[in-house]
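According to this note's numbering, the residues represented by the sequence shown are 1 to 445, in order.
Using N, Cα and C, we set each Cβ at its ideal position, and we do this for glycine too.
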Amino acid sequence: MKKIFLLLAALTVALSSQAALKGDVNGDGEVSIADVTMLVDLVLNDNSSDNSDVNADGETGIADVTALVGIILSQGEEEIAGRVVGGDISLLPTYEEHQAAQLRAWSSSPTGYYTMTGQRIDDVITYVKEQGWTAARVRLFVNPANASAEDVGQGVRQSLEYITPLCARIKAAGLRLMLDFHYSDSWADPVKQYTPAEWVGLNDYQLTNKIYEYTKACLETLVAAGGAPDYIQTGNEISYGMLWGKRGGTLFKCQMGDDANWPRFISLLKSAGKACREVCPKAKIILHNERVAKPEMLYNFYTKLSGVDYDIIGLSYYPYYHGLLTNLDNVLTRLETVYLSKRIMIVETGYAHQYAISGDYSTQAQAVWPVTQAGQKKFVTDLIATLHKHEAVDGIFWWFPEANEYGLDWTNFRVNDAWYNGNLWSHETGRATQALYELKKFVED
């Protein structure tokens, strides 16, 4: 309880009488520290009042205190708008942990993050902000302890316990935060959206309730820790739906031309979105699709979901998977013409600076952007030029920029089982690539 009082001591935020209907525990027409004081007293004495059930779960308890803190923090924030640029740094804590362990084992190890000119970086989050980043993205799995060893070796570690301090660090640094719910125990993408092991026995009605309860509980935890998200993805690359079912069982995929599973998918999204609006009312909700290379599927997706409450169309764009920038340009033109009320973000992008990443369009991409640091930088320059043609586009997030195995003993301290070369640090030198310094131009120009 002391933490709550300390957190709110400087936040005595009075709201208008119209907005104070929720959280006005003492009935004085505003939401402030006085309401928290009264609510804590009620909880400690096992009492309740007409306005004490802040989270509307039918009882008065510590969860209501958390919800009230979230209301005050969210109402005190400025409206979230304008361009943002950043990256998905979900594995940064593990890299920092392994680098520290390597240095304890061998104090002269060169492991670490460095600037492009070779100066050691003390704090990556602080540094990328200094280089113009305004946001960061973090993924969340339901229970990554259930993930395969192979998936863990490719970065699946992000439980709620893992990401909570990371999210708080991001917000404390003054960056905006995008939270990426995977609603799975491991990677969720177009080819796999498997239901978490602990949820597989639930029927559709129960699953709809579960996604609401889970989303709400996660957000309340982050808010209480100072890691309230500004953007929330209710699903990752959900082009064909989500929570399909158990691997190897009956799968509830959403296909173009087949309406069977869309109502189920829509109910799940509405339930998740409801939790987002309740706990983080200022946050923007994102629906994430990656079918840029198959635009008719992309348009069908957002048309089918027209009844879902969300704010931002989130896209993945990797040129080796989705084609040249003309593909993206055409998609953006149609999206901002048809879906006039929505903003657009590139929530995942990347390009290799060493060792080409294979995909249907790899040969085309390499002809335009060589697989070098200069080629990676040129990709960023060209991507920004394309996005600046579209007023509705508000954001770019680079995927897995923090990958950096430099100086780590491969047997004992490596983080990933294979190098990812679309990162923004060199595995061979630990130095930042040229592209890191180019990204800021998206928000500067």
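Other residues of its chain near residue i: CB distance less than 8 Å, five sequence neighbours each side excluded
i           : result
residue 199 : 142, 207, 210 and 243
residue 245 : 194, 195, 200, 251 and 252
residue 6   : Its pLDDT being 42, under 50, residue 6 is placed unreliably in this model, and the value from its coordinates should be taken loosely. Around residue 6: no qualifying Cβ.
residue 444 : 132
residue 80  : 176, 230, 231, 282, 283 and 284
residue 276 : 215, 219, 232, 234, 283 and 285
Pair within 7 Å by beta-carbon distance, residue i and residue j
i           : j           : result
residue 427 : residue 405 : yes
residue 425 : residue 418 : no
residue 386 : residue 298 : no
residue 226 : residue 304 : no
residue 437 : residue 131 : yes
residue 442 : residue 384 : yes
residue 182 : residue 408 : no
residue 247 : residue 194 : yes
residue 177 : residue 402 : no
residue 422 : residue 351 : yes
residue 41  : residue 54  : no
residue 175 : residue 129 : yes
residue 307 : residue 345 : no
residue 48  : residue 60  : yes
residue 280 : residue 217 : no
Cβ separation of residue i and residue j, assumed to be a contact under 8 Å, to the nearest whole Å
i           : j           : result
residue 320 : residue 292 : Between residue 292 and residue 320 the Cβ distance is about 12 Å, and since that is not below 8 Å, they are no contact.
residue 223 : residue 66  : 7 Å
residue 50  : residue 35  : At roughly 13 Å, the Cβ-Cβ gap does not stay under 8 Å, so residue 50 and residue 35 are not in contact.
residue 349 : residue 410 : About 29 Å; that fails the 8 Å criterion.
residue 173 : residue 125 : 5 Å
residue 498 : residue 140 : The structure shown does not extend to residue 498, since the chain is modelled only from 1 to 445, so the question has no answer here.
residue 290 : residue 362 : Actually they are not in contact, since the Cβ atoms of residue 290 and residue 362 sit about 17 Å apart, beyond 8 Å.
residue 153 : residue 330 : The pair is not a contact, with the Cβ atoms about 37 Å apart (cut-off 8 Å).
residue 446 : residue 31  : Look at the range of the chain in this structure, 1 to 445, and you will see that residue 446 is not part of it.
Beta-carbon contacts of residue i that lie in its chain and below 7 Å, excluding the five residues immediately before and after
i           : result
residue 21  : Interpretation of residue 21 is limited by its pLDDT of 49, a score under 50 that renders its predicted location unreliable; no figure is taken from the coordinates.
residue 327 : 292 and 293
residue 27  : 51
residue 103 : 109 and 111
residue 254 : 240, 241, 261, 262 and 265
residue 101 : 413
residue 203 : none
residue 95  : 402, 404 and 415
Counterpart residues of residue i in DSSP-defined beta bridges
i           : result
residue 253 : DSSP, once it has assigned bridges, lists no residue as partnering residue 253.
residue 177 : 136
residue 233 : 180 and 286
residue 315 : 289 and 346
residue 397 : 86
residue 431 : 114
residue 192 : 189
residue 24  : Looking at the DSSP assignment, residue 24 forms no beta bridge with any residue, so it has no partner.
residue 120 : 114
residue 425 : 432
residue 49  : None; residue 49 has no bridge partner.
residue 241 : 239
Beta-carbon proximity list for residue i, same chain, < 6 Å, skipping 5 on both sides
i           : result
residue 147 : 156, 185 and 186
residue 359 : 320 and 321
residue 272 : 211, 215 and 234
residue 365 : 319 and 320
residue 434 : 373 and 377
Closer than 8 Å is the cut-off here; do at least three beta carbon pairs connect the stretch 275-290 with the stretch 234-247?
Touching, yes.
Does the pairing of the stretch 390-399 with the stretch 83-102 give three or more beta-carbon distances under 8 Å?
Per the Cβ contact rule, the stretch 390-399 is in contact with the stretch 83-102 (3 or more Cβ pairs under 8 Å).
Would you check if the stretch 334-342 and the stretch 365-375 touch, i.e. whether three or more CB-CB distances between them fall below 8 Å?
Segments in contact, no.
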